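Residue 1072 is where the sequence shown starts when you use this note's numbering, and the numbers rise one by one after that. Virtual Cβ for every residue (Gly too), placed ideally from N, Cα, C. Keep in mind it's a predicted model, so treat the numbers as computed, not measured. Read the structure below first, then the notes.
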Amino acid sequence: MDAATLTLFPGGSAVDADGTLRIGGARVDDLADEFGTPALVVDEDALRRRAREYAGGLSSRWPNSRVVFASKAFPATAVQRVMVEEGLGLDVAGGGELLSALKAGVDPALVVLHGNAKSGEEIAMAVDHGVGLVVVDNADDVDRLEATVPVGRRQDVLVRVIPGVTAQTHASVLTGHEGSKFGLAPDAARALIARIRASSRLRMRGVHAHVGSQILQPEPLAAAVGPLAALGEFEVYDLGGGLGARYSYADLPPSVGTYLDALIAAAREHLPVEAEIIIEPGRSMVASAAATLYRVVTVKRGATTFVAVDGGMGDNLEVALFGQRFEAVLAGRLSEPATERAVVVGRHCESGDVLIDGVDLPSARVGDLLAVPATGAYCFTMANNYNGNRRPPVVFVQEGAARLVVRRETWADLLARDVDLPGATGGS
Ligand SMILES: Cc1ncc(COP(=O)(O)O)c(C=O)c1O
């Protein structure tokens, strides 16, 4: 096994003498036997360590600050609950994430609601539950809030601003550039801020920007601070998320400390000293705390060696969506040297259903366990039912013990929404 192999798995992962991977102290063959495959395995301690690293890192640099976890990166109630237990707030994008955040026990005052197209129903849910901050993306949000907030109450809001910053990342996850569908250009933001200040139902607390996701340099993230400051002095500046995660051996994302150094240096330069700073990390909070276990279903050898597994774009859309590079290992054969270059493909009816376009593995066999590290961000989020896929379970591991926190979908779940077939039943 190459020394680099384990570095993409959650810290503390290890290999037994027989070459089997352990995550969070649990052997992956035991996990696969108990929970089946594919399965998303989360090292709970790794998750907690990262939450503390973020919270401690930010508060030590800027005491009047808060970390809110961007739930969209891993919107499982159990993950949100870990963040809540670690003292973080939760950023939610829509009613569904709000409901799971509340189920996770969050103080509604620590919730930040986002969305570029929030429905009236979602705005009403936020107001009814006492969400701390609603991030206004457009004038229609203000219309809906004014129609919803009861007389005598005021809803605290931030205004989302386009900072006009680009970064090196995939176009589909870039959000802070001119022409973005998210937020308002500075002039439009100024006009909306003036309207909110005049409103009897809203309280203008501050401004927000989010440059994009999977950003591997701190500079573009820090570059959003100046454009926000140019809009004036506010009580709150929400600087979004966006720090990249380490997916492949070649990735070198900045550490949380390096990122915060850059962000807070920009804050010291541009923001009022008494202002509150919020950050909303998602991907970099959760990606590296998890790995997905698959079972090899078939191996085809020809000009290319295809190793096909029992999952794919039904549980990991990151590859198809923006070409993210992942790595993989045969998780029960880590003591064997790699002998062939394989293309790891999924079971879905798309040629684009490629999990890893070339990875060196020992000669794979049917029944081998294949583990893909760094699948904690946006994989659970975008799991889908393509080809009748049953979305995989989420298993927390800690000190060798495993517990199921989200069960696998059943065949019955797949049929449960059918309403026009009286008498139809499904198996489980
Ligand atoms: C408003 C907002 N905040 C935070 C995030 C989290 O970003 P990331 O997961 O890249 O940290 C996103 C992601 O798209 C977002 O839209």
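Straight-line CA distance for residue 1080 to residue 1219? 46 Å
Taking Cβ positions, are residue 1361 and residue 1452 nearer each other than 8 Å? No. Outside cutoff.
Within 8 Å, strictly: CB atoms of residue 1266 and residue 1225: no
Checking 8 Å against the spacing of the C-beta atoms, do residue 1348 and residue 1308 come in under that value? yes
Since I believe residue 1293 is in contact with residue 1256 (beta carbons under 8 Å), could you give me their beta-carbon distance rounded to a whole number of angstroms? Wrong, their Cβ atoms sit about 20 Å apart, outside the cutoff.
In this structure, what does DSSP give as the bridge partners for residue 1277? Per DSSP, the beta bridge partners of residue 1277 are 1229 and 1307.
Please list, following the chain, all residues that have a C-beta closer than 5 Å to any non-hydrogen atom of ligand 1. 1141, 1144, 1185, 1281, 1284, 1311, 1312, 1313, 1351, 1352, 1353 and 1354
Helix, strand or coil at residue 1411 according to DSSP, with G and I counted as helix: strand
What do you get for residue 1353, buried or exposed, if any count of 16 or more other CB atoms within 10 angstroms of its CB means buried? buried
Using alpha carbons as the reference points, say which of 1369, 1365 and 1346 lies closest to residue 1135. 1346
Nearest neighbour of residue 1305, chosen from 1328, 1324 and 1338 [CA to CA]: Per the Cα distances, 1338.
Within the same chain, show all residues whose beta-carbon is closer than 6 Å to that of residue 1245, passing over the 5 residues directly before and after it, in chain order. 1283
Rounded separation between residue 1116 and residue 1315 - CA only: 20 Å
For residue 1464, which three-state DSSP category applies? coil
Please classify residue 1482 as buried or exposed, where buried requires at least 16 other C-beta atoms within 10 Å of its C-beta. exposed
Just the Cα atoms here: how many angstroms apart are residue 1498 and residue 1480? Because residue 1498 sits at a pLDDT of 49, beneath the cut-off of 50, its placement in the model cannot be relied upon, and the following sentence gives the value as read from the coordinates. Distance between the alpha carbons of residue 1498 and residue 1480: 12 Å.
With a threshold of 8 Å between beta-carbons, can residue 1358 be considered close to chain B, or not? This model lacks chain B altogether; it includes just one protein chain.
DSSP three-state label for residue 1050, please. As displayed, the chain neither begins before 1072 nor continues past 1499, which places residue 1050 out of reach and without an answer.
6 Å CB neighbourhood of residue 1384 in its chain, flanking five on each side removed: 1391, 1417, 1419 and 1424
From 1205, 1232 and 1181, pick the residue whose C-alpha is nearest to that of residue 1191; which is it? 1205
Identify which residue in 1402, 1341 and 1413 has its Cα closest to the Cα of residue 1374. 1413
For the putative contact between residue 1403 and residue 1100, defined by C-beta atoms under 8 Å, what is the C-beta separation to the nearest angstrom? Contact holds; Cβ gap of about 6 Å.
Just the Cα atoms here: how many angstroms apart are residue 1335 and residue 1272? 33 Å
For the region 1466 to 1478 against the region 1094 to 1114, are there 3 or more C-beta pairs whose distance is under 8 Å? yes
Residue 1215 Cβ short of 7 Å to ligand 2 heavy atom set: Absent from the structure shown: ligand 2. Ligands present: ligand 1.
By Cβ distance, which residues of its chain are closer than 6 Å to residue 1195, with the 5 residues on each side in sequence left out? 1219
Find the nearest neighbour of residue 1468 within the set 1084, 1455 and 1077, judged by alpha-carbon distance. 1084
So, at 8 Å on beta carbons, what are the nonlocal neighbours of residue 1397 in its own chain, with the 5 sequence-adjacent residues on each side left out? Result list for residue 1397: 1318, 1319, 1387, 1389, 1390, 1426, 1427, 1443, 1444, 1445 and 1446, in chain order.
Start and end residues, alpha helix (DSSP H) containing residue 1268: Looking at the DSSP string, the run of the alpha helix (DSSP H) that includes residue 1268 is 1257 to 1268.
Which same chain residues end up closer than 8 Å to residue 1066 when comparing Cβ atoms and leaving out the 5 residues on each side of it in sequence? Summary: the structure shown does not reach residue 1066, with the chain confined to residues 1072 through 1499, and so no result is reported for it.
Would you mind working out which of 1300, 1168 and 1110 sits nearest residue 1231, comparing C-alpha positions? 1300
Once DSSP output is grouped into helix, strand and coil, what is the label at residue 1419? coil
Decide if residue 1239 is buried, meaning its Cβ has at least 16 other Cβ atoms within 10 Å, or exposed. exposed
Tell me which residues share the same chain as residue 1098 and place their Cβ nearer than 7 Å to its Cβ, disregarding the 5 neighbours each side in the sequence. 1087 and 1091
Excluding the 5 residues flanking residue 1369 on each side, which residues of the same chain have their C-beta closer than 7 Å to its C-beta? 1379 and 1437
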